[in-house]
Amino acid sequence: MRRGGEITGFDQVARPYLLRYTGAKELNSSEELTDALQNVILQHADIRTFVRHYEVNVDVDVQGIIRKTGSQTQFVRFACSLSASIDPNQPYKLSSKESKSLNELPVVRA
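Numbering (numbering that gives the first Met the number 0), first residue to last: 0 to 109.
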C-alpha cells in the first residue's frame, strides 16, 4: 500500500478496509446480486450488517430523477469520489513569501 502511495504521490492510496468497502458497495449496487448472495460473498449473517457497518452514501442524481431532467449519476459519483484523494493534512494557505513568489512567474506576468 505504501509503495502505491509513493508511485502515485498520495500519502495512502488504499487501505485493506477501503478495498473491502469499495467492493461491498459495488456488490450492493449491483442489480444482478441478491441480498442473500451478497451476504455469502461478504460473510455477513444479514443484509443489515452492510447497512449498519458500511457508510451508505447516496451517489445517484436524486434531483435529476425527481425533476425528470435526466440523471447525471456518473457525474455525481465522480464528484463524490473527489474528496477521497485529498490529503486532510496538506497545507492550504500560502505564506506571504510564497504568495509574492507566484507573482514573479512568467505565466502570471504575461
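All residues carry an ideal CB built from backbone N, CA and C; glycine is no exception.
Quantities reported herein were computed from a predicted structural model and do not represent experimental measurements.
Cβ contact annotation for residue 43 (same chain, cutoff 7 angstroms, sequence separation greater than five): 49, in chain order. The beta carbon of residue 31 sits closer than 8 angstroms to no other beta carbon from its chain once the five residues preceding and following it are set aside. Inter-residue distance for residue 27 and residue 51 is about 13 angstroms (C-alpha atoms, whole angstroms). For residue 31, the three-state secondary structure derived from DSSP is coil.
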